[in-house]
Amino acid sequence: MGQCKPLWIIVGGRMRLGKVLAEDLARDHDLVLTSSTSWEGEAWASVHRRWTWKAQDPGVADRMSEDLGCLGRPLAGAVLVAGGFADQPLGSWTPEDLAATWTLDLSFPMLAAQAIAGSLEEGSCMQFLLDTAIHRPWLRRLPYSVAKAGLGALVPGLARALAPKVRVVGHALGTLLPSEGSDPGVLASATLLGRIGDPADLARAVRFAAESPFLTGEILTLDGGQSRV
Ligand SMILES: NC(=O)c1ccc[n+]([C@@H]2O[C@H](COP(=O)([O-])OP(=O)(O)OC[C@H]3O[C@@H](n4cnc5c(N)ncnc54)[C@H](OP(=O)(O)O)[C@@H]3O)[C@@H](O)[C@H]2O)c1
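Laid out in structure tokens, this is it:
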């Protein structure tokens, strides 16, 4: 019987950055991917499990525990990708809109982290995708920036809670995949390196964190120097 590849979960591994990361990791990992919508009819041949975890589902924490309980193998890594990027300038805030941002950008990754922690094997690494906005908040996206800063505080706290068995690392990302309507040239000119990032930059950093057994509780900033301009 062939040896199993390490099994990782990518929460939000179906779209955009999560998908590119999944495609990179699939070369040498078995993967569990989650999405907020059903996977029915979608071809993703090499994936070990595909689960539907939706941030706004009131039963999502139970769903997470149930799915993980049926996994049958420990996880060797986890990357929590899912999040939003809501445009919410000062003056537009309502309790409902703010609660929606906390649900997707804060509660959901925290609940996923809590559920996944018990399934991670000794020596594994849990990684969070944050934003360089934790250093310099986006003015039109202050609630998003605040939620990511909250996750930034979670990283060292969770590292303490899960040590020494599991390491925890965050990635404060500059623009790697621009959102619709944004100008890549303008974004590039706001960095020291004169370019926006590439999803391959993230894949490299995720692999680096996973393979660095003395690294925990830290946030790596991958923004081409944007926060230093
Ligand atoms: N793109 C960038 O350049 C950039 C820069 C800085 C930080 N980041 C961070 O990197 C992460 C990925 O960014 P992205 O641009 O690829 O993502 P995105 O377009 O913002 O997609 C968000 C991810 O969250 C999942 N998601 C959306 N709504 C959800 C819900 N209601 N419940 C559960 N999951 C949900 C999506 O998957 P499904 O639709 O399949 O559920 C998708 O995988 C985010 O956390 C983002 O803040 C990205």
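So in the numbering used here, spot 83 of the sequence shown is number 1415, and the numbers just go up one at a time.
For every residue, glycine included, the Cβ atom is placed at its ideal position computed from N, Cα and C.
Here the structure is a predicted model, which means the values were calculated and not measured.
Hey, how far is the Cα of residue i from the Cα of residue j?
{"i": "V1392", "j": "L1471", "result": "31 Å"}
{"i": "S1367", "j": "S1397", "result": "16 Å"}
{"i": "D1515", "j": "G1557", "result": "18 Å"}
{"i": "V1413", "j": "F1540", "result": "17 Å"}
{"i": "P1545", "j": "L1357", "result": "19 Å"}
{"i": "E1428", "j": "D1360", "result": "42 Å"}
{"i": "M1333", "j": "D1362", "result": "With a pLDDT of 49 at M1333, under the threshold of 50, the predicted position of this residue should be treated as unreliable, and no value is reported."}
{"i": "Y1476", "j": "L1452", "result": "28 Å"}
{"i": "R1527", "j": "A1520", "result": "4 Å"}
{"i": "D1562", "j": "T1553", "result": "As shown, the chain starts at 1333 and ends at 1561. That puts residue 1562 outside it, with no answer to give."}
{"i": "A1408", "j": "S1424", "result": "42 Å"}
{"i": "A1449", "j": "A1493", "result": "10 Å"}
{"i": "A1532", "j": "L1430", "result": "32 Å"}
{"i": "T1435", "j": "A1444", "result": "12 Å"}
{"i": "W1383", "j": "A1535", "result": "22 Å"}
{"i": "W1385", "j": "G1529", "result": "28 Å"}
{"i": "V1406", "j": "V1561", "result": "According to the sequence shown, residue 1406 is Pro rather than Val. Straight-line Cα distance between these residues: approximately 42 Å."}
{"i": "L1416", "j": "K1337", "result": "For the sequence presented, residue 1416 should be read as Gly rather than Leu. Between G1416 and K1337, the C-alpha separation is close to 31 Å."}
{"i": "S1439", "j": "C1402", "result": "23 Å"}
{"i": "T1523", "j": "L1474", "result": "20 Å"}
{"i": "L1301", "j": "L1490", "result": "The structure shown does not extend to residue 1301, since the chain spans only 1333 to 1561, so no value can be given for it."}
{"i": "T1315", "j": "C1457", "result": "A query on residue 1315 cannot be resolved here, the shown segment of the chain reaching from 1333 to 1561 and no further."}
{"i": "L1547", "j": "H1503", "result": "13 Å"}
{"i": "V1538", "j": "A1418", "result": "25 Å"}
{"i": "G1350", "j": "I1341", "result": "11 Å"}
{"i": "I1551", "j": "P1510", "result": "21 Å"}
{"i": "A1495", "j": "Q1459", "result": "14 Å"}
Output the boundary residues of the alpha helix (DSSP H) element that contains residue i.
{"i": "R1395", "result": "V1392 to G1401"}
{"i": "D1356", "result": "R1348 to L1357"}
Ends of the beta strand (DSSP E) at residue i?
{"i": "G1502", "result": "V1498 to L1505"}
{"i": "L1363", "result": "D1362 to S1367"}
{"i": "R1492", "result": "Element bounds for R1492: not the beta strand (DSSP E) but the alpha helix (DSSP H), L1474 to L1494."}
{"i": "H1380", "result": "V1379 to T1384"}
{"i": "W1371", "result": "Segment: none, W1371 is in no beta strand (DSSP E) and carries neither H nor E."}
{"i": "I1341", "result": "L1339 to V1343"}
Who are residue i's beta bridge partners in DSSP?
{"i": "L1462", "result": "A1504"}
{"i": "C1457", "result": "G1409 and R1499"}
Can you list, in chain order, the stretches of the alpha helix (DSSP H) that have 4 or more residues and sit fully within the segment 1404-1455?
1427-1434 and 1440-1449
I'd like the ranges of any alpha helix (DSSP H) spanning at least 4 consecutive residues and lying wholly in the segment 1502-1560.
1516-1521 and 1531-1542
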